[in-house]
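Data block below; observations after.
In the working numbering, the protein residues as written are 199 to 519.
Right under this line is the structure:
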């Protein structure tokens, strides 16, 4: 009888949440990328795949779930069991901005996720056509105020981070800007190169970098609060427009209510991987800076970003239609 009692007690303890969490992970982990293969988000996720698998002792499987500007894959994680085995490799778009523009995405960017850690950040770069008589942001703002019709700017599409960030720039600078959306970063960059529009605020690209070096575009500043190690000679926009800052961020999130021990285990593994100089160098090649955070820091970042962009979406009446 005593043996049966002890056996029953052991079985009951195995079902306790704390016991199960101590064994985490004990099966493969799915890391959903809400975009098609080949983009920056996908490449970074796959760069982390093998080292994360080693750090966690279980395979990490990258699963591409593209559609609705990242909302489809993100919703799948929001509704997944909160056990740490289904995660999202998110960024500003689906994890902060898209729910403000598309009202039927099916998830709340703050309430439905448990942030695990930042993975990387990158600046937006402000470039203009050489015909613009400005060599810095202060001169650009002064010139823009002399243009009664405003100045045209390109974006990679309505509702993109570049769209919202440029509207924020115009609002804080007190200048009139006219949005001209294109279908992607490459066409928007070409539009500025060709002089179709005068200004572009977006992530850097090889085409853009080459154009700046050859004098076909002028780089006026970066959007990060401090000078970016990726472009150390470029001043920050905030030096001429105090308070202005925007970063592109990438990070890993779990479904809401995922137990804290699981979040902490994942966070520790991510920190271990991102501390590797070889991983850091690879991220520089993607135009990003490897940047880990605590779950609390990441949560606070998202919680602050949502109202910031909500204000811009409402003021500029931004939609994806």
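All residues carry an ideal CB built from backbone N, CA and C; glycine is no exception.
{"Item": "Which same chain residues end up closer than 8 Å to residue 280 when comparing Cβ atoms and leaving out the 5 residues on each side of it in sequence?", "Value": "312, 452, 453, 454, 455, 456, 457"}
{"Item": "From residue 502 to residue 404, what distance separates their C-alpha atoms?", "Value": "31 Å"}
{"Item": "Which runs of the beta strand (DSSP E) at least 3 residues long sit entirely within the region 228–266? Give them in chain order.", "Value": "258–262"}
{"Item": "Using DSSP bridges, identify the partner residues of residue 376.", "Value": "350"}
{"Item": "Here's a check: name, in chain order, each residue in its chain whose Cβ is nearer than 6 Å to the Cβ of residue 508, leaving out the five neighbours to either side.", "Value": "298"}
{"Item": "I believe residue 435 touches residue 413 by the beta-carbon criterion, under 8 Å. Please report the beta-carbon distance rounded to the nearest angstrom.", "Value": "Not quite, the Cβ-Cβ distance comes to about 21 Å (not below 8 Å), so this is no contact."}
{"Item": "Do residue 317 and residue 428 have their C-beta atoms closer together than 8 Å?", "Value": "no"}
{"Item": "For residue 504 and residue 269, which I take to be in contact (beta-carbon distance under 8 Å), what is that distance rounded to the nearest angstrom?", "Value": "Not really, about 15 Å apart at Cβ, beyond 8 Å."}
{"Item": "Which residues in the same chain as residue 485 place their Cβ atom closer than 6 Å to its Cβ, once the five residues preceding and following it in sequence are excluded?", "Value": "320, 402"}
{"Item": "On the three-state DSSP scale, how would you describe residue 516?", "Value": "coil"}
{"Item": "Thinking C-beta only, is residue 348 closer than 8 Å to residue 354?", "Value": "no"}
{"Item": "Going by Cα to Cα distance, which pick from 259, 307, 267, 397 is closest to residue 356?", "Value": "267"}
{"Item": "Starting from residue 315 and walking both ways along the beta strand (DSSP E), at which residues does that stretch end?", "Value": "311–326"}
{"Item": "In chain order, what residues of the same chain lie with their CB nearer than 7 Å to the CB of residue 202, ignoring the 5 residues before and after it?", "Value": "The predicted model places residue 202 with a pLDDT of 43, which falls under 50 and marks its position as unreliable; any figure quoted below should be read in that light. None."}
{"Item": "If contact is defined by three or more beta carbon pairs under 8 Å, each pair taking one atom from either stretch, is the region 332–342 in contact with the region 371–378?", "Value": "yes"}
{"Item": "Rounded to the nearest angstrom, what separates residue 514 and residue 254 at their Cα positions?", "Value": "44 Å"}
{"Item": "Quick check on this structure: which residue in 395, 286, 381, 386 has the alpha carbon closest to the alpha carbon of residue 239?", "Value": "286"}
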